[in-house]
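Below is one structure, written out as C-alpha cells; the observations come after it.
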Amino acid sequence: MPSHDIYRNYSSARPDFTALVWPVLAIASGGAVLLPALAGVSALPVTAALMLLACGGGASAWIVHCQHKLFDHALRQAHASSLSHHQAASAAASANGLEAVCLEAVPIWAKQIESSRSQTEQAIIALSQRFSGIYGKLEEAVHTSQQAADGMAGDAQSGALVVLAQSESKLTQVVNSLKATQLSRDEMLEQVRGLTDYTGELLSMAKEVAAIAAQTNLLALNAAIEAARAGEAGRGFAVVADAVRSLSSLSSDTGKKMSATVDIINSAITRLVEVADNTAANDQHSVSASEASIQHVLDRFHSITQQLSGSTELLQQESLGIRAEISEVLIGLQFQDRVSQILSHVRDNMEALHQHLQHGRRNPDELVQIDAQAWLASMELTYATDEQRQIHHGHSSSSAKEQEITFF
C-alpha cells in the first residue's frame, strides 16, 4: 500500500489526541516549575508538585502509546485493503478462467455423456433382445418338457408308460405263442414215440410171416417127397407142392424185406425221437431264456422310463426357475430407460449452460446474470423420474418397483 494512504489513515485519527496533548504538557510543566520553587517549603507542597509532575509524565507516556497503537491500526488497515484488492483481482481472474473452462469443457462433457448413453443403450437393447430370445426358447422347452412329462406319466394315449405296457403285453403274447408251439411239438413227439410201438408190432408180424413161410416151405418139401413116392399118380400133387414152395419162398423174402424195412423205420423213428427230444429241450431252454431276457428288458425300460420321467420333471422345474430369473433380468435391464432419460436431461442442462455462457462471452457489455433458484426450478420441470426429483431435493434415490416385462 502507498505511504500516503497510510499517512492519510493516521492523520484522520490524530486530531482526537491533539486536544489532549496540550493540557498534559501544561500540567507537567507546572509541576516542573513548582518543584524548584518549593524546595524550601514543607513536604506536602513538594509531594503535590511531584505528583503533578508524575501525572503529566504518565499522561504523556499514555498519549505516546496510543499514537503507536493508532499507527499500527492504520498499517493493518492498509495491509487488509491491499489483500482485498489482490483477492478481488484473483477472484476475477479465477471467474474468467472458470468461464473459459466451462465454455470449452461443457460441450465435451455433453458429447461424452451422449456417447456413453448411446453406447450403453445400444448394448442394453442388444442384450435384452438376446435375453428375450433365450426366454422364448426356454418357454418352448418348458412346453415341450411339459408334454414329455405328460407322456411319461401316461396321460396321453401315446405316452411312454402306455407304450411300455402295450409292448409288455405283446411280448408276453409272443412268449405264450412260443410256449404253445413247444407244447404242440411235445404232443407230436409223443405221437412219434407211439409209432415205435407199431413198428415193434410190424417187426413181430414180419417174423411171424417168415416163420409161416419156413413152415410152408417145409410142408411143400414134404408134399413133394410124398408125390415122388406116389409115382405117376402123385405128379399133379408134386406140381402143387412146388408152387406152394415157391409161394413160401416169396413169403419168406417178403417177411425179410418187411423186417428190414421195419428196422429202417424203427431206426429212423428212434433218431427222430432223439432229435425231437434234443430240439424240445433246446426250445424249452430258449423259451425260458427269451422270457427272462424280455422280462429283463421290460424292467430296464420301465426303470429308464421312470428315470426319464423324474429327469423331465426336474428339467421342467429348472427351466421354470431359469425363465423366472431371466424375467427378473429383463425387468432389471429396464434401468437403461431411466438412466438414458437422466443422462439426456443432464446433457440438455449442460448445453443450456453452455449457450448461456456463450451469450455472455459474445455480449461482454451486457450484464449476464444467473438466478440459481430459477435455474434449479427449470431443471426440476424437465425431470421424468422419481429418482431425479428425490436427488434434486436432497433425498436418497429409492430402487425401482417391480413391474411386468416390457420388451425394448
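Mapping the sequence shown onto full-length UniProt numbering, position 112 (from 1) lands on 112, and the numbers just tick up by one.
Ideal placement from N, C-alpha and C gives every residue a C-beta, glycine not left out.
Status (buried if at least 16 other CB within 10 Å, exposed otherwise) for residue i
i    : result
G310 : exposed
L381 : exposed
Q166 : exposed
R245 : buried
L138 : buried
A224 : buried
Q317 : exposed
E387 : buried
L330 : buried
S169 : exposed
A286 : Here residue 286 is Ser; the residue named in the question, Ala, does not match the sequence. S286 comes out exposed.
A241 : buried
S204 : exposed
S378 : exposed
S288 : exposed
H395 : exposed
Own chain residues within Cβ distance below 8 Å of residue i, not counting five before or after
i    : result
A280 : Q182, R185, D186, L189
T385 : R338, Q341, I342
L272 : V192
F237 : A223, E226, A227, A230
Nonlocal neighbours in the same chain, by C-beta distance under 6 Å from residue i, ignoring five residues either side
i    : result
S42  : At S42, the pLDDT of 42 sits below 50, so the modelled position is not reliable and the matter cannot be decided from this model.
R389 : Y383
N217 : R245, S248
D283 : Q182
For residue j and residue i, believed in contact at Cβ under 8 Å, the rounded distance
i    : j    : result
S340 : R117 : 5 Å
V262 : L202 : 5 Å
S251 : I212 : 7 Å
S319 : A141 : 6 Å
I294 : L171 : 5 Å
N266 : T199 : 4 Å
Beta-carbon proximity of residue i to residue j, cut-off 8 Å
i    : j    : result
I124 : I326 : no
H302 : L178 : no
A220 : G255 : no
A243 : G234 : no
V192 : A268 : no
E114 : Q336 : no
H393 : Y383 : no
V175 : E291 : yes
V209 : M258 : yes
Cut-off 7 Å between Cβ atoms - residues of its own chain near residue i, not counting five sequence neighbours on either side
i    : result
R130 : none
A214 : S252
R347 : A110, I113, E114
R323 : Y135, L138, E139, V142
I'd like the ranges of any alpha helix (DSSP H) spanning at least 4 consecutive residues and lying wholly in the stretch 330-399.
335-362, 372-381, 386-392
Please give me, in chain order, every unbroken run of the beta strand (DSSP E) with length at least 3 that falls completely inside the stretch 196-249.
none
Contiguous beta strand (DSSP E) assignments of at least 3 residues, all confined to the stretch 271-301
none
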